[in-house]
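Visitor: A single structure is presented below for examination.
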Amino acid sequence: MSETLIPEHLFTAIDHVGMAVPDLDEAIAFYRDTFGMTLAHQETNEEQGVREAMMAVGDSTSCVQLLAPIDETSTIAKFIGRNGPGCQQVAYRVTDVEQVSAILRERGLRMLYDEPRRGTSDSRINFVHPKDAGGVLVELVQPAGAAK
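With the UniProt record's numbering applied, the sequence shown covers 1 to 148.
What follows is the structure, encoded as structure tokens:
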């Protein structure tokens, strides 16, 4: 097993910004028709309790992730109930989610999961607790096929 090189800055790019929305189809149409974004990917993630769509931002590799609850027990449904629709997370791309999570734990941050979970398009994800990141839910995203 080879050691993955982690950049000193830990994050390689902004992967996406997650937006909690009550209606996914309506939100896709708004981001497409108003902002000119294109639908890059859509799926249902039962484990996370969401229907989601990745809207590509221009020619960049960054996206806006639209997250709609599957039902009222979903974390996104609870977020919308507390805060209304809007920005729910900022996600940073990493080369090795387990190693970056360990480094952040060493730096005193709490991670939401003990082990990474499956994210969009079979990525591996974890989250920094928002209370440890200035009130922002920070997601770490290791794209499918990247390191490990």
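For each residue, glycine too, the CB sits at the ideal point set by N, CA and C.
Just to confirm, are valine 141 and arginine 93 a CB contact at a threshold of 9 Å?
Guide: Counted from its first residue, the sequence shown places residue 141 at position 141. Counted from its first residue, the sequence shown places residue 93 at position 93. Against a cut-off of 9 Å, the Cβ pair of arginine 93 and valine 141 comes out as a contact.
Visitor: Around the Cβ of histidine 41, are there at least 16 other Cβ atoms within 10 angstroms (buried) or fewer (exposed)?
Guide: Taking the sequence shown and counting its residues from 1, the one referred to as residue 41 is at position 41. Counting Cβ neighbours within 10 Å, histidine 41 comes out exposed, since fewer than 16 surround it.
Visitor: Is tyrosine 113 helix, strand or coil when you go by DSSP?
Guide: Residue 113 sits at position 113 when you count from the first residue of the sequence shown. Looking at tyrosine 113 - three-state DSSP - the assignment turns out to be coil, as it is neither helix nor strand.
Visitor: Tell me the DSSP bridge mates of glutamine 89?
Guide: By one-based count along the sequence shown, residue 89 stands at place 89. Answer is Gly18, bridged to glutamine 89.
Visitor: Give me the DSSP bridge partner(s) of asparagine 83.
Guide: Locating residue 83 in the sequence shown gives position 83, where the first residue counts as 1. None; asparagine 83 has no bridge partner.
Visitor: Our contact map puts residue 200 next to alanine 13 with C-beta atoms below 8 Å; I'd like the distance itself, whole angstroms only.
Guide: An answer regarding residue 200 cannot be provided, because it is not within the stretch 1 to 148 covered by the chain.
Visitor: Check whether the region 63 to 75 touches the region 44 to 54, taking contact to mean three or more Cβ pairs, one atom from each stretch, closer than 8 Å.
Guide: Cβ pair count under 8 Å is three or more, so yes.
Visitor: Within 10 angstroms of the Cβ of arginine 124, are there 16 or more other Cβ atoms? Answer buried if so, exposed if not.
Guide: The residue you call residue 124 lines up with position 124 of the sequence shown. The residue is buried, with at least 16 neighbouring Cβ atoms inside 10 Å.
Visitor: What separation, rounded to the nearest whole angstrom, lies between the Cα atoms of aspartate 114 and isoleucine 76?
Guide: On the sequence shown, residue 114 is found 114 positions in, with the first residue counted as 1. On the sequence shown, residue 76 is found 76 positions in, with the first residue counted as 1. Using only the alpha carbons, I get a separation of about 21 Å.
Visitor: Does DSSP put valine 100 in a helix, in a strand, or in coil?
Guide: The residue given as residue 100 occupies position 100 in the sequence shown. Here valine 100 sits in helix by DSSP.
Visitor: From threonine 44 to valine 50, what distance separates their C-alpha atoms?
Guide: Against the sequence shown, residue 44 aligns to sequence position 44. Against the sequence shown, residue 50 aligns to sequence position 50. Near 6 Å, if we compare the C-alpha coordinates of valine 50 and threonine 44.
Visitor: Which term fits alanine 68, buried or exposed, when burial requires 16 or more other beta carbons within 10 angstroms of its beta carbon?
Guide: By 1-based counting over the sequence shown, the position of residue 68 is 68. Label assigned to alanine 68: buried.
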